[in-house]
Amino acid sequence: MKPILDYHNHTILCGHAIGEPFEYVEAALKQGLKEIGFSDHAPLVSHEDPTVTMSFEQLPRYHQMIEEVKSRYAESDIVIRVGIEADFIPGYEEKTRTIVEGYPYDFVIGSVHFIGDFPFDNPKHKDRLKTDDINQVFRDYNVLLRQSAKSGMFDIMAHIDLVKKFGDKPTEDLSDDFRETAKAFKEAGVAVEINSSGLRKPVQEIYPSLAVLKILAETEIPITFGSDSHAPGDVGADFDKALELAKQAGYREYVAFEKRQIVKRIAL
Ligand SMILES: [Zn+2]
Ligand SMILES: [Zn+2]
589 MKPILDYHNH TILCGHAIGE PFEYVEAALK QGLKEIGFSD HAPLVSHEDP
639 TVTMSFEQLP RYHQMIEEVK SRYAESDIVI RVGIEADFIP GYEEKTRTIV
689 EGYPYDFVIG SVHFIGDFPF DNPKHKDRLK TDDINQVFRD YNVLLRQSAK
739 SGMFDIMAHI DLVKKFGDKP TEDLSDDFRE TAKAFKEAGV AVEINSSGLR
789 KPVQEIYPSL AVLKILAETE IPITFGSDSH APGDVGADFD KALELAKQAG
839 YREYVAFEKR QIVKRIAL
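Okay, here's the thing in structure tokens:
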């Protein structure tokens, strides 16, 4: 069994993905998916980096690309959703809000990729995870997750234990921290994605871990699924494992979004 939707797919505009949108849709069809959502990296609000995100000038092009692929598959059974993955960077909330409210999205994915000036998931900076106090990095990350949920800008929180990407795990029990984060998610009404891309990274684990997912399940945080594909071949990758993990954590259903609302609950 596999989830029928994949809400986390990138485009060439981010500068580190390959393939045309139609190739992602073809891959989704081949995987038997009923819904594919594009959610490319929104323009960075703090600085420009063409290897990380599209520029502000490219935003209309992004929407044009998705519109084109939508009409190409208008007769097909697959539903194509338009989303965006926006970074949460404190101090830039208004600029971020302008982006996420500037177009009629089906969902907005909120991501934390920066802790202060530390782009902790960037391979170029990963050595810092060896020297900094790893438990503190996880705690700081959790604080940002809570702030991003509270900002009200996002519908789905992405890969919520991304700090582990290169295999660096907390050495202390941080359950209380994640419990507090889950509480903040509940209050903010956000969902969390089960992101299979961690299996393609050194950690070789889905985001979030089973332990964290159990906390989310206890707190009744809705879930969605995303492959975080940066190539057509990654669409729906390891979704059988992602579904199994959700069940193991105690989930019985996942949700589908349209126009930034949960419109469907699908049994696992
Ligand atoms: Zn990316
Ligand atoms: Zn992504």
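Sequential numbering of the sequence shown, starting at 589, is according to my numbering.
C-beta: ideal position from N, C-alpha, C; glycine also.
Only a predicted model underlies this, so the values are computations on that prediction, with no experimental measurement involved.
Closer than 6 Å to some heavy atom of ligand 2: that describes the Cβ of D816. Around the beta-carbon of D705, fewer than 16 other beta-carbon atoms lie within 10 Å, marking it exposed. Scanning its chain for C-beta atoms nearer than 7 Å, with the 5 sequence neighbours on each side dropped, one finds around D743 the residues F695, V696, V778, A779, F845 and R848, in chain order. With contacts defined as CB atoms closer than 7 Å, A674 and A630 qualify as a contacting pair. Judged by the Cβ position, E781 fails to qualify as a neighbour of ligand 2 at the 6 Å threshold, every heavy atom of the ligand being at least this far. With a cutoff of 7 Å on beta-carbon distance, D594 and G755 are scored as not near each other. Rounded to the nearest angstrom, the Cβ distance from Q836 to L798 is 6 Å, consistent with a contact under 8 Å. In this structure L732 touches F676 by the C-beta definition: roughly 6 Å separates them, less than 8 Å. E673 has its CB nearer than 6 Å to a heavy atom of ligand 2. For the region 761 to 798, the full-length alpha helix (DSSP H) segments reaching 4 residues or more read 763 to 776 along the chain.
As computed with DSSP, A674 is found in a beta bridge with G698.
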